[in-house]
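For the sequence shown, this note's numbering assigns the number 23 to the initial residue and increments by one for each residue that follows.
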Amino acid sequence: MREFACPEPIRVDAYQAGHFTLIPPGMENFQCSQGIFRHPICPPNSGHPDLRIVSAGLTPCIKLNLEQPITAGDLSAADDFWSDFHARATPPYRGPYPWPREMFRRIVTDYGGYLPVVISGLLDGQAHYVGEPHLQIWTDEPGMGECVGWLESTVLPYLWTSATVATRGRLRKARMLAVYRQCYPSRSAAELHDMVSYKFHDFGRRGGAATQITGIAHLINWLGTDTCDAAYAAAHYLNAGAKFGACSIMAAAHRTVTPWPTEIAAYRHLIERYKHGIFSVVADSYDYLRGMELLAGFAEVVKLHGGCLVGRPDSGDPVQCILDGLEIFSRAFGVTRQEQGLRVLQNAAIIQGDGISDDVIFNQIYPAVIAAGFCPSNVAFGMGEHNHKAL
23 MREFACPEPI
33 RVDAYQAGHF
43 TLIPPGMENF
53 QCSQGIFRHP
63 ICPPNSGHPD
73 LRIVSAGLTP
83 CIKLNLEQPI
93 TAGDLSAADD
103 FWSDFHARAT
113 PPYRGPYPWP
123 REMFRRIVTD
133 YGGYLPVVIS
143 GLLDGQAHYV
153 GEPHLQIWTD
163 EPGMGECVGW
173 LESTVLPYLW
183 TSATVATRGR
193 LRKARMLAVY
203 RQCYPSRSAA
213 ELHDMVSYKF
223 HDFGRRGGAA
233 TQITGIAHLI
243 NWLGTDTCDA
253 AYAAAHYLNA
263 GAKFGACSIM
273 AAAHRTVTPW
283 PTEIAAYRHL
293 IERYKHGIFS
303 VVADSYDYLR
313 GMELLAGFAE
323 VVKLHGGCLV
333 GRPDSGDPVQ
343 CILDGLEIFS
353 RAFGVTRQEQ
363 GLRVLQNAAI
373 IQGDGISDDV
383 IFNQIYPAVI
393 AAGFCPSNVA
403 FGMGEHNHKA
413 L
């Protein structure tokens with residue numbers, strides 16, 4: 023979700039704006055602030071042995087907030103905003119709110135509109151321990167000390183939310199790699215990494231208000247995403263314009279299935295267009311099991327053209343729907359046996375994006391899939407709002 027443009031002299035916590043009147047003499051000439059996680063994102067009782075935090079969010083924050091100069095027009099807008107922002111106990115009940123106008127005037131006239139601060143931070147994707155500084159902001163420019171405090175409320179939301187998404191993604195990927203390592207003991211670490219990189223997909227574009235930023239954090243660990251603006255921004259602004267493999271697949275939704283006269287007509291239309299590639303079809307527009315059986319009827323067409331049909335349940339019990347789908351597709355598409363004897367679908371797979379959490383994936387779905395004789399590589403996952411916001 024885009025935000026309205028707001029001048030830097032207003033983009034702050036209100037209480038921070040008046041702090042220049044409260045600091046002791048001399049502090050206006052030098053300040054230093056550090057961003058530090060005091061507690062792990064996943065608590066010790068979560069079962070994760072690695073409590074390190076993945077740094078994320080600083081580069082997008084700087085690109086979006088600190089590379090555009092402050093102008094005289096911004097000062098005028100701030101003058102108007104702060105002129106009656108201070109609540110009072112007597113009429114007229116509002117008056118001017120104190121803010122460091124002289125500091126910002128000097129930033130415009132003496133520093134070209136840029137805050138004279140030094141920001142040192144860990145690279146996005148770098149792991150660090152609880153208690154280690156994530157970043158440091160400082161300045162020793164005379165009269166510019168409050169620039170440091172001013173930036174706290176701008177920088178922190180990027181760091182906390184992005185690091186949360188990136189850290190949880192890293193732990194999730196580590197757990198997934200452990201499962202795959204048990205199923206494919208002969209594969210190298212690089213091969214396993216390639217196998218899982220597209221097995222957890224970002225469905226969260228519509229799930230929150232800052233999904234571009236958190237979607238970038240998702241891409242630190244994974245390459246599958248439907249948050250297209252995050253993939254673009256990550257490549258264009260954070261990777262020197264170079265694409266890095268982020269992608270998605272063609273996917274049918276209820277709104278593209280139910281308008282057709284029949285469900286099978288909708289399926290036939292999609293498969294005829296995309297039978298050469300990987301494509302996903304939601305199967306529960308009317309009845310999930312019937313929908314999967316209808317999709318299974320196109321197995322020979324898909325196999326003949328080298329495609330891969332991914333069935334998607336979107337309601338019901340998330341574990342049972344996967345097991346039912348695997349059995350239906352195994353009969354229609356056929357299977358091979360991997361090195362542990364587990365069944366691997368040919369030209370087909372399942373993606374589950376409904377009712378998904380780490381507990382459901384690792385403690386329910388994977389054990390059930392393996393117990394049924396199928397390889398976990400048959401199943402991918404999508405996650406929406408929970409991937410972007412939940413702790």
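Cβ atoms here follow ideal geometry from the backbone N, Cα and C, with glycine treated the same way.
Residue i vs residue j beta-carbon contact at 8 Å
i: L193; j: Y202; result: no
i: S55; j: I159; result: yes
i: A402; j: A354; result: no
i: G333; j: H298; result: no
i: K411; j: N369; result: no
i: I97; j: F126; result: A small fix is needed here, since residue 97 is Leu in this sequence, not Ile. Yes, the pair counts as a contact, with Cβ atoms nearer than the cut-off.
i: N409; j: G165; result: no
i: P138; j: F42; result: no
i: L317; j: A305; result: yes
i: Q53; j: E174; result: no
i: H156; j: G147; result: no
i: R365; j: C397; result: yes
i: F320; j: L331; result: yes
i: V177; j: H61; result: no
i: A252; j: Q234; result: yes
i: A288; j: W282; result: yes
N-terminal and C-terminal residue of the alpha helix (DSSP H) that residue i is part of
i: V177; result: 168 to 205
i: G313; result: 310 to 318
i: T278; result: 276 to 279
i: R127; result: 123 to 132
i: G229; result: Here G229 belongs to no alpha helix (DSSP H), and DSSP marks it neither H nor E.
In DSSP terms, what residue i is bridged to
i: P155; result: I58
i: S142; result: Q158
i: L137; result: None; L137 has no bridge partner.
i: Q53; result: T161
i: R116; result: A109
i: V303; result: A274, G333
i: H41; result: According to DSSP, H41 bridges with nothing at all.
i: T284; result: BP columns for T284 are empty, so no partner.
Rounded distance between the beta-carbons of residue j and residue i, thought under 8 Å
i: H240; j: T247; result: 6 Å
i: I63; j: T186; result: 5 Å
i: G229; j: G406; result: 4 Å
i: G375; j: G404; result: 3 Å
i: I271; j: F301; result: 6 Å
i: T183; j: A232; result: 7 Å
Exposure of residue i, with buried meaning 16 or more beta-carbon neighbours within 10 Å
i: P340; result: buried
i: R190; result: buried
i: C1; result: The structure shown does not extend to residue 1, since the chain spans only 23 to 413, so no value can be given for it.
i: A94; result: exposed
i: P31; result: buried
i: T280; result: exposed
i: A435; result: Absent from the model: residue 435. The displayed extent of the chain is 23 to 413, so no value can be given.
i: G363; result: exposed
i: V140; result: exposed
i: F266; result: exposed
Residue range of the unbroken beta strand (DSSP E) whose run includes residue i
i: G404; result: 401 to 405
i: Q386; result: First-last for Q386: undefined, no H or E at that position.
i: A370; result: 370 to 374
i: T81; result: Looking at the DSSP string, T81 is not in any beta strand (DSSP E); the run it does join, the alpha helix (DSSP H), is 80 to 87.
i: D365; result: The sequence given here places Arg at residue 365; Asp does not occur at that position. From DSSP, the beta strand (DSSP E) with R365 extends over 365 to 367.
i: L73; result: From DSSP, L73 is part of no beta strand (DSSP E); its letter is neither H nor E.
i: T358; result: 357 to 359
i: H223; result: 222 to 224
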